[in-house]
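Novice: All residue numbers in the sequence shown are consecutive under my numbering, ending with 382.
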Amino acid sequence: MAQNTPSLRVFASPGRYVQGRGAMEQLGTLVGRVGSRPLVLADDVVRNLVGATLERSFAEAGIPLTFERFGGVPTRTESERVGEVIESQDHDVIVGLGGGAAIDAAKAAGANVGVPWVSAATVASTDAPTSALSVVYTEKGAFESYRFYDRNPALVVVDTQLVAQAPTRFLAAGVGDALATWIEARALRGTDSTNMVEGLPTRAGTALAQLSWDILWESALPALDAVDRDLVTPDVEAVVEATTLLSGLGFESGGLAAAHAVHDGLTAVDETHHLAHGEKVNIGSLTQLLLEGAATAEVEEFAEFTARAGLPTTLTEAGLGNADDALLDRVVEAATAPEETIHNLPFTPSHRDVRDALRAVEGVGRRVRERAGLGEPRAPKQ
Numbered sequence: 001m002a003q004n005t006p007s008l009r010v011f012a013s014p015g016r017y018v019q020g021r022g023a024m025e026q027l028g029t030l031v032g033r034v035g036s037r038p039l040v041l042a043d044d045v046v047r048n049l050v051g052a053t054l055e056r057s058f059a060e061a062g063i064p065l066t067f068e069r070f071g072g073v074p075t076r077t078e079s080e081r082v083g084e085v086i087e088s089q090d091h092d093v094i095v096g097l098g099g100g101a102a103i104d105a106a107k108a109a110g111a112n113v114g115v116p117w118v119s120a121a122t123v124a125s126t127d128a129p130t131s132a133l134s135v136v137y138t139e140k141g142a143f144e145s146y147r148f149y150d151r152n153p154a155l156v157v158v159d160t161q162l163v164a165q166a167p168t169r170f171l172a173a174g175v176g177d178a179l180a181t182w183i184e185a186r187a188l189r190g191t192d193s194t195n196m197v198e199g200l201p202t203r204a205g206t207a208l209a210q211l212s213w214d215i216l217w218e219s220a221l222p223a224l225d226a227v228d229r230d231l232v233t234p235d236v237e238a239v240v241e242a243t244t245l246l247s248g249l250g251f252e253s254g255g256l257a258a259a260h261a262v263h264d265g266l267t268a269v270d271e272t273h274h275l276a277h278g279e280k281v282n283i284g285s286l287t288q289l290l291l292e293g294a295a296t297a298e299v300e301e302f303a304e305f306t307a308r309a310g311l312p313t314t315l316t317e318a319g320l321g322n323a324d325d326a327l328l329d330r331v332v333e334a335a336t337a338p339e340e341t342i343h344n345l346p347f348t349p350s351h352r353d354v355r356d357a358l359r360a361v362e363g364v365g366r367r368v369r370e371r372a373g374l375g376e377p378r379a380p381k382q
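1) Based on Cα-Cα distance, which residue from Ser212, Gly248, Thr243, Asn195 lies nearest to Glu340?
2) Leaving aside the five residues before and after Leu328 along the sequence, list all residues of the same chain whose C-beta is less than 8 Å from its C-beta, in chain order.
3) Helix, strand or coil for Phe148, going by three-state DSSP, please let me know.
4) Can you give me the C-alpha to C-alpha distance between Asp230 and Ala120, rounded to a whole angstrom?
5) Using a 10 Å radius around the Cβ and a threshold of 16 neighbouring Cβ atoms, would you call Gly190 buried or exposed?
6) Do you know offhand how far Met1's Cα is from Asp270's?
7) According to DSSP, simplified to helix, strand and coil, what is Gln19?
8) Which two residues bound the contiguous beta strand (DSSP E) that contains Ile94?
9) Cβ atoms of Ala258 and Leu428: under 8 Å apart, would you say?
10) May I ask which residues mark the beginning and end of the beta strand (DSSP E) holding Ser134?
11) For the beta strand (DSSP E) containing Leu41, list its first residue and its last residue.
12) Using three-state DSSP, classify Ala124 as helix, strand or coil.
13) At a cut of 8 Å, does the segment 136–147 reach the segment 206–224 through at least three beta carbon pairs?
14) When you compare the CB positions of Arg37 and Pro74, do they come within less than 8 Å of one another, or not?
15) Does the segment 301–312 touch the segment 267–285, meaning 3 or more C-beta pairs lie closer than 8 Å?
16) Enumerate, from N- to C-terminal direction, the unbroken alpha helix (DSSP H) stretches of 4 or more residues contained entirely within the segment 40–80.
17) Can you tell me whether DSSP reads Asp383 as helix, strand or coil?
18) Using a threshold of 8 Å, state whether the C-beta atoms of Ile342 and Ala334 are closer than that.
19) Between which two residues does the alpha helix (DSSP H) harbouring Leu345 extend?
20) Is it buried or exposed, Lys412, if we count other Cβ atoms within 10 angstroms and call 16 or more buried?
21) Tell me whether Val31 is buried or exposed, calling it buried when 16 or more other Cβ atoms sit within 10 Å of its Cβ.
22) Suppose only complete runs of 4+ residues qualify. What are the alpha helix (DSSP H) ranges in the segment 283–334, listed by chain order?
23) So, with DSSP's three-state summary, where would you put Phe143?
24) What does DSSP give as the partner residues of Val157 in its beta bridges?
25) Grab me the residues of Phe11's own chain with a C-beta within less than 7 Å of its C-beta, minus the 5 sequence neighbours each way, in chain order.
26) Taking all protein chains shown into account, do 16 or more other C-beta atoms lie within 10 angstroms of the C-beta of Phe302, making it buried, or fewer, making it exposed?
27) In its own chain, which residues sit with a C-beta less than 6 Å from the C-beta of Gly51, not counting the 5 before and 5 after it?
28) Can you pull the DSSP bridge partners for Arg9?
29) Looking only at its own chain, which residues have a Cβ that is under 6 Å from the Cβ of Val40, when we skip the five neighbours before and after it?
30) Looking only at its own chain, which residues have a Cβ that is under 6 Å from the Cβ of Glu317, when we skip the five neighbours before and after it?
31) According to DSSP, simplified to helix, strand and coil, what is Glu362?
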């Protein structure tokens, strides 16, 4: 990753962004503008879902199509393995097809061997597709590190028909991930904290984070209702753009703070591994709001909105309802590690501050659910 002078403002973006119903039908032509010998990284489920469509698309574009099976977790070992496949078969571009994990692994593999990468999203569960970074996990599924690159994807393609046909939980997780973008970006305003491309946040990055937030408050709930019925509506298109493009640009150029750091901490304990990325981030967003001393009305409004979106708003739903201090201490220790983004906050919370805020999420979530008639929070099945 390029080293930028801290006084410089830096904005990063992919080369091209394409979104819409049936976008995968055009993937061959679009990828052909990036390279002529692509490798497509996808798991078996995704390949079975769109393989025939891609075979037609790439044949019509006159370029070969080669699939490589994704191992499921974007670890260092997996990216090294895929990089070796790229080199041994002389591919000149890699396509990450599926969700954020496959896309992050494709970025890492492409960077390892010096070929461009393309993000082809079949779900809108994270804002990973547009960024110049990957989240690297351990073999056990715990957060290990962020890995930064000197370029963004050459191309991002999102097929909203596939998003609509996927389980609604995926889009809800994307909403949780994207709502955090504004909560975190606004925390960096007026500070000397750097964004994810090692520059000061740009006004554009911060504004796009806020635009994503505004769209989600307007359209997320009707979009989730539509996706429940496999429908693509204007609300679905708006929410997919907000969760993928706007949030992706917003977090990378606006910066991260406590919400994603708490997510990273939650991955350190096995009890939370049933949660998707954006679901853990939502617990982090509530924790950050409480750390900041946000107004009670703001915290409760956020908790109710995200609960209605199907996101966890209590430690019970995260599998930590009965967690003792020792277990939460493991979460907090990981969330407050020296390299974590929680240190971008304009104040320095102590270990106890973070643990207490995390514990307070339970009471807020339960109170709001009871008042809104949403029922008791459910612990994950063992």
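Yeah, the Cβ is synthetic: ideal placement off N, Cα and C, and Gly gets one too.
Specialist: Taking the structure as given:
1) The shortest Cα separation from Glu340 among Ser212, Gly248, Thr243, Asn195 belongs to Asn195.
2) Sequence-distant Cβ neighbours of Leu328 in its own chain, meaning closer than 8 Å and more than five residues away, are Leu320, Arg355, Leu358, Arg359.
3) In the three-state scheme derived from DSSP, where H, G and I count as helix and E and B as strand, Phe148 is classed as strand.
4) C-alpha separation (whole angstroms): 20 Å.
5) Counting every other CB atom within 10 Å of its CB across the protein chains shown gives Gly190 a total below 16, marking it as exposed.
6) Its pLDDT being 34, under 50, Met1 is placed unreliably by the model, and the measurement read from it follows with that caveat. Between Met1 and Asp270, the C-alpha separation is close to 31 Å.
7) In this structure, Gln19 counts as strand in the three-state DSSP scheme.
8) Here the beta strand (DSSP E) through Ile94 covers 93–98.
9) Residue 428 lies beyond the residue range present for the chain, which begins at 1 and ends at 382; the question has no answer from this structure.
10) First-last of the beta strand (DSSP E) with Ser134: 133–137.
11) Residue range 38–42 is occupied by the beta strand (DSSP E) that includes Leu41.
12) Looking at Ala124 - three-state DSSP - the assignment turns out to be coil, as it is neither helix nor strand.
13) Of all C-beta pairs linking the segment 136–147 to the segment 206–224, fewer than three are shorter than 8 Å, placing the two stretches out of contact.
14) Their beta carbons are not under 8 Å apart, which means Arg37 does not touch Pro74 by this criterion.
15) At 8 Å Cβ cutoff, the stretches touch.
16) Within the segment 40–80, the runs of alpha helix (DSSP H) at least 4 residues long that lie entirely inside it are, in chain order, 44–61.
17) Here the chain covers residues 1 to 382 and nothing more, so residue 383 does not appear.
18) Not in contact: Ile342 and Ala334 (Cβ atoms no closer than 8 Å).
19) For Leu345, no alpha helix (DSSP H) encloses it, and the DSSP letter there is neither H nor E.
20) Residue 412 lies beyond the residue range present for the chain, which begins at 1 and ends at 382; the question has no answer from this structure.
21) Val31 counts as buried, since no fewer than 16 other beta carbons sit within 10 angstroms of its beta carbon.
22) DSSP runs (the alpha helix (DSSP H)) wholly in the segment 283–334: 296–308.
23) In the three-state scheme derived from DSSP, where H, G and I count as helix and E and B as strand, Phe143 is classed as strand.
24) Assignment of beta-bridge partners to Val157 by DSSP yields Val18, Ala120.
25) The answer, listed in chain order, is Thr202, Ala204, Gly205, Ser253.
26) Flag for Phe302 reads buried.
27) The answer is none, since no qualifying residue turns up.
28) Note: Arg9 sits in a beta bridge opposite Leu200.
29) Only Phe67, Val95, Leu97 meet the Cβ criterion.
30) Cβ within range, chain order: Pro377.
31) Residue state, collapsed to three classes: helix.
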